[in-house]
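>
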Amino acid sequence: MRIILATNNENKVAEISAILDAFGITVEGAASAGGMPEVEEDGVTFAENALAKARAGARNFGEPALADDSGLEIPALDGRPGVYSARYAGPSCSYADNNRKLLGEMTDLEGDKRRGRFVCSAALAFPDGQEYVVEGELFGTITTEPRGSGGFGYDPVFVPDGRGRTLAEMNSEEKNDISHRRRAFEKMAGVLRNLAASGAIESLAEGEKPPV
Ligand code: ITT
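Position 173 of the sequence shown, counted from 1, bears residue number 284 in the numbering used here, the numbering being contiguous throughout.
Written out as structure tokens, the structure is:
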């Protein structure tokens, strides 16, 4: 079964491919399938944005598409950066710019006020309009300085509960074992398994047969 991963974020492609691979599901990044069109991310929830990206992928490629919309929520900042996580410090900002802005806003916050969660909504859309969405989360604390060089985004400033290191100080296996993305796509693997078991995605399996 070919499933397109409707994202332009290569870090996400690497993480989601590794996570789904462990469940025997192979995905193809949009870039290697010809490129993903820009999608307007104007939803107020991660789920809305994930569905918008998955629908755009299914429409563009004419094949089932998976998408991820994710970000960091800090209750003491009224939920920011939230759905604006990618462009928090401005339209074409870097991950380092976002981390600087976040840490700057949190300078006076201590203890529980530094707690937050990563959220990942994973959406699956089919060209015929069927769609599914699931969510995963990871709770933790925001550091006062960035630490580590692994991962991407806010990983250098986020220490998951029960751990002493930031996500950027972990290797990819450690992060993929506990991450919000892991939790969402583990659920999505269950959705795909159920669809296959019920025969609902049989035609996809047929469509994948190599040409004779
Ligand atoms: P696509 O829309 O193409 O999927 P994107 O990077 O624009 O890629 P989002 O709109 O979902 O993706 O924004 C997600 C942002 O949230 C991302 O740029 C990071 O800043 C942050 N983020 C999400 N997951 C993260 C993770 O696992 N570690 C660190 N930061 C993360």
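Yeah, the Cβ is synthetic: ideal placement off N, Cα and C, and Gly gets one too. Predicted, not measured: the structure shown is a model, and the values here were computed from it.
Under 6 angstroms Cβ to Cβ from GLY251, same chain only, skipping five residues before and after it: list those, please.
Result list for GLY251: PHE269, VAL270, PRO271, ASP272, in chain order.
> Judging by CA-CA distance, which residue of LEU214, PHE157, ALA167, ARG170 is the nearest neighbour of PHE229?
Ranking LEU214, PHE157, ALA167, ARG170 by Cα distance to PHE229 puts PHE157 first.
> Does DSSP put GLY273 in a helix, a strand or coil?
Of the three classes helix, strand and coil, the one that applies to GLY273 here is coil, per DSSP.
> Within 10 angstroms of its Cβ, does THR137 collect 16 or more other Cβ (buried), or is it exposed?
Counting Cβ neighbours within 10 Å, THR137 comes out exposed, since fewer than 16 surround it.
> Less than 8 angstroms between C-beta atoms, sequence neighbours within five positions excluded: which residues of the same chain meet that for SER314?
Caution is warranted here: a pLDDT of 39 is assigned to SER314, below 50, making its placement in the model unreliable, and the coordinate value is therefore given only provisionally. Result list for SER314: empty, nothing under 8 angstroms.
> Please tell me whether ALA234 and GLU242 are closer than 8 angstroms, where the distance is taken between their beta carbons.
Going by C-beta atoms, ALA234 is nearer than 8 angstroms to GLU242.
> Thinking just about the alpha-carbon of each residue, which of GLU139, GLU159, TYR206 is nearest to the one in GLU245?
In the sequence as displayed, the identity of residue 245 is Val instead of Glu. Answer by Cα proximity: GLU159.
> Pick out whichever of GLY247, LEU249, GLY240, GLU284 has its Cα sitting closest to the Cα of GLY261.
If we check each option's Cα against that of GLY261, GLU284 comes out closest.
> Any heavy atom of the ligand ITT closer than 7 angstroms to the Cβ of ASN287?
Because no heavy atom of the ligand ITT lies under 7 angstroms away, the Cβ of ASN287 does not count as near it: no.
> Tell me whether ASN209 is buried or exposed, calling it buried when 16 or more other Cβ atoms sit within 10 Å of its Cβ.
When all chains shown are included, ASN209 counts as buried.
> Would you call PRO175 buried or exposed, if buried means 16 or more other Cβ atoms sit within 10 Å of its Cβ?
Result: buried.
> List the DSSP bridge partners of ASP180.
Answer is SER232, bridged to ASP180.
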